[in-house]
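S.K.: Input: one structure, supplied below.
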Amino acid sequence: MKKGVVIGGGIAGLVSASILSAQGFEITLLERNEQLGGKLRDVCMGEYQFDFGPSTITMPWVFEQVYREAHCILDPELRFQPLMINSRNFFLDSKYIDLTADPEYMAHQMGELCPEDRQSLVAYLHETKRMYEVVEEILLENSSMEWKDFLHPSMTKALFSVHAFQTMDSFHRRYFEDSRLLAMMNRHATQMGSSPYQTPATMAFTAYLEMVQGVHYVEGGNYRLIEAFARLAEDVGVTVCMQSGVEEVRIENGQVRGVRLENGDDVSADFVISNVDVRTMQESLYPEKYRKTERTEPTVSSFLMLLGTDRKWPHLHHHNRFFPVDSGREYIDIFEQKKWSYSPMISICNSSYTEPERAKQGTGSNLSVMVHVPANVGNQRDENWFERYYQYRDELIYQLEGTWGLEGLEDSIEVQQLYGPKEIEAMSGAWQGSLYGPVLHGRKAFLRPSMKESRFQGLYYTGGSTHPTGGAPMAALSGMTIAKRVQQDAEHKMKVNV
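Heads up: the sequence shown begins at 1285 in my numbering, then just goes up one per residue.
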């Protein structure tokens, strides 16, 4: 069991391939596109550079751990820069709150804007820190959870201790009265593609990561992370094949034997790791007899506008979020009515704030404007999706100019590119453009799709649609976890065959 194929060159695919190759496995990584990275991409338009995909980087030590697992030193070109302000959060009362890992600055802001919640914030951060420590042990370091795990007394006790049977919204209401703070804290559910009204409070541990340990930026753009992992893969001997789409996994007598490429070539292997969305894989890349359709609700997708402008706006920071007066309306629109919301929380990543040279030699802005939309794009196939994109674009520009102080935005745009669920699905293989696989609602938050196929031997999963969840650091954790699982299975097989 020494020869493996990794399908997909996202973070998790690159990480698992590199670690296994460093451990002596013969690994071939197959990427169907011209560019590695999955949902994390580098987009250049004229004098403007953009990061497409995850923009909030936490847990930089996770990426450093990848190099240790691969027995390599950290790439000197991979540098993480802590942001003084994690995000600037705007509200319709013309006030904003800067979320930061600086406790004194946070206390000062709370004293001015919402003094009644000042002490509650301290208690909240202490509780989310404790929750993170439990989650790290029972979830992040395990390859998966099954129903039988919930029956173990220690697991039940641990789940109660991290408020697994309470929604994130109700948990936050125990601490905060101010509607602005509630809106800011609840969006931690949307970072995982889910609704705070259905996501377990356990997932609030991400607040600790941002507000205590801080948010980082990769110097030169977050795509430098992919470039560094690509160099690592090359250094440890991974064979990387670009524009090599997989047509089907080859299975004989219940055992994976490799894959068949879209060009008809066969690549033999003892095992396959899929960095493709689990549902896409099961519905499209399995042999016909093994294919199945899961009736799982997907996480959100996104509508993204990359706007290169010839001007700046002084009130914008690196990460910016604009909250509507009724922040709960968006969740109803997306998860219950399955429609694009016209009252969305708008996120803008403005990396030219930190690195001005990324936008017109320091004189402009590179705005990545993102809102969440439903992942189910079935209705888009029956309509003029191009027209829909531009109608929605015009509405968001109107809101940003008229409500959020970006006067002159429309006239300042020099280059632009629009993306929606249709493009995300085409680029990354994400099922119907879903960002993180199945939603993290109720028990589904803990019963993520398994990292190992049970119906036949030799197929593993990694990435945002499986364990633990989506986001750049979680994808790296997923890659390390599945590499360890493959090593354990290989060692077990060797002992059995002795």
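Every residue gets a Cβ at the ideal spot worked out from N, C-alpha and C, and that includes glycine.
Going by the CB atoms, is the gap between H1656 and T1474 shorter than 8 Å?
M.R.: Residue numbering aside, residue 1474 sits at position 190 when the sequence shown is read from its first letter. Residue numbering aside, residue 1656 sits at position 372 when the sequence shown is read from its first letter. Yes, the Cβ-Cβ distance between T1474 and H1656 is below 8 Å.
S.K.: How would you write the range of the alpha helix (DSSP H) that F1347 sits in, first residue to last?
M.R.: Residue numbering aside, residue 1347 sits at position 63 when the sequence shown is read from its first letter. Residues P1344 to E1353.
S.K.: With 16 other CB atoms within 10 Å as the buried threshold, where does P1752 fall?
M.R.: Translated into the one-based positions of the sequence shown, residue 1752 becomes position 468. P1752 is buried by the Cβ-count criterion.
S.K.: Quick one: what does DSSP say E1310 is sitting in, helix, strand or coil?
M.R.: Counted from its first residue, the sequence shown places residue 1310 at position 26. Looking at E1310 - three-state DSSP - the assignment turns out to be strand.
S.K.: DSSP beta-bridge partners for S1652?
M.R.: Sequence index remark: in the sequence shown, residue 1652 carries index 368 (1-based). Bridge partners of S1652: L1590 and C1633.
S.K.: For H1472, name the three-state secondary structure that DSSP assigns.
M.R.: Stepping through the sequence shown from its first residue, residue 1472 is reached at position 188. Note: H1472 maps to helix in three-state DSSP.
S.K.: In the DSSP assignment, what are the bridge partners of L1702?
M.R.: Within the sequence shown, the letter at position 418 stands for residue 1702. Beta-bridge pairing links L1702 to M1589.
S.K.: Mapping the DSSP letters down to three states, classify S1568 as helix, strand or coil.
M.R.: Indexing the sequence shown from 1 puts residue 1568 at position 284. If DSSP states are grouped into helix, strand and coil, S1568 belongs with the helices.
S.K.: For I1766, is the classification buried or exposed, using 16 other Cβ atoms within 10 angstroms of its Cβ as the cut-off for buried?
M.R.: Start at 1 with the first residue of the sequence shown, and residue 1766 comes out as number 482. Looking at its Cβ environment, which holds 16 or more other Cβ atoms inside 10 Å, I1766 is buried.
S.K.: Entirely within the region 1485-1567 and at least 3 residues each: give me those beta strand (DSSP E) ranges in chain order.
M.R.: Segments of the beta strand (DSSP E) lying fully in the region 1485-1567: 1500-1502, 1523-1525, 1530-1536, 1539-1545, 1550-1552 and 1555-1558.
S.K.: For D1519, tell me which candidate among G1337, Y1351, L1680 and P1338 has the shortest Cα-Cα distance.
M.R.: Position 235 of the sequence shown, counted from the start, is the residue given in the question as residue 1519. Comparing Cα positions, the closest option is Y1351.
S.K.: What first and last residue would you give for the alpha helix (DSSP H) that runs through G1288?
M.R.: Locating residue 1288 in the sequence shown gives position 4, counting from the first residue. From DSSP, G1288 is part of no alpha helix (DSSP H) but of the beta strand (DSSP E) over K1287 to I1291.
S.K.: Does K1623 come out as helix, strand or coil in the three-state DSSP assignment?
M.R.: What you label residue 1623 is simply residue 339 of the sequence shown in a count that begins at 1. Coil, per DSSP.
S.K.: My output table needs one value for K1786: the three-state DSSP class, helix, strand or coil.
M.R.: This structure does not reach residue 1786, given that the chain is present from 1285 up to 1782, and the question cannot be answered.
S.K.: Could you check whether R1642 and Q1333 sit closer than 8 Å to each other, using their CB atoms as the reference points?
M.R.: Your numbering for residue 1333 matches position 49 in the sequence shown. Your numbering for residue 1642 matches position 358 in the sequence shown. A contact, by the Cβ cut-off of 8 Å.
S.K.: For I1357, which of E1417, A1517, P1484 and V1551 has the nearest alpha-carbon?
M.R.: Counted from its first residue, the sequence shown places residue 1357 at position 73. Of E1417, A1517, P1484 and V1551, the residue nearest in Cα terms is A1517.
S.K.: Hey, quick one: how far does the beta strand (DSSP E) through P1437 stretch, first residue to last?
M.R.: Position 153 of the sequence shown holds residue 1437. P1437 -> not in any beta strand (DSSP E); alpha helix (DSSP H) instead, spanning P1437 to S1445.
S.K.: Drop a sphere of 10 angstroms on the beta-carbon of V1290, count the other beta-carbons inside from all chains shown, and report buried for 16 or more, exposed for fewer.
M.R.: Indexing the sequence shown from 1 puts residue 1290 at position 6. So V1290 ends up on the buried side.
S.K.: Our contact map puts G1713 next to V1533 with C-beta atoms below 8 Å; I'd like the distance itself, whole angstroms only.
M.R.: Working through the sequence shown from its first residue, we reach residue 1713 at position 429. Working through the sequence shown from its first residue, we reach residue 1533 at position 249. 14 Å between Cβ atoms; not a contact.
S.K.: Applying the 10 Å Cβ sphere with the 16-neighbour rule, what's the burial state of P1437?
M.R.: For this step, residue 1437 is matched to residue 153 along the sequence shown. P1437 comes out exposed.
S.K.: Between the C-alpha atoms of Q1664 and E1709, what's the straight-line distance to the nearest angstrom?
M.R.: The count along the sequence shown starts at 1 and reaches residue 1664 at position 380. The count along the sequence shown starts at 1 and reaches residue 1709 at position 425. With a pLDDT of only 49 at Q1664, under 50, the local geometry of the prediction cannot be trusted, and no value is derived from it.
S.K.: If we count the other Cβ atoms within 10 Å of its Cβ and call it buried at 16 or more, is P1628 buried or exposed?
M.R.: Position 344 of the sequence shown, counting from 1, holds the residue named residue 1628. With 16 or more Cβ atoms within 10 Å of its Cβ, P1628 is classed as buried.
S.K.: Could you tell me the distance, in whole angstroms, from the CA atom of K1728 to the CA atom of E1348?
M.R.: On the sequence shown, residue 1728 is found 444 positions in, with the first residue counted as 1. On the sequence shown, residue 1348 is found 64 positions in, with the first residue counted as 1. So the two alpha carbons sit approximately 30 Å from each other.
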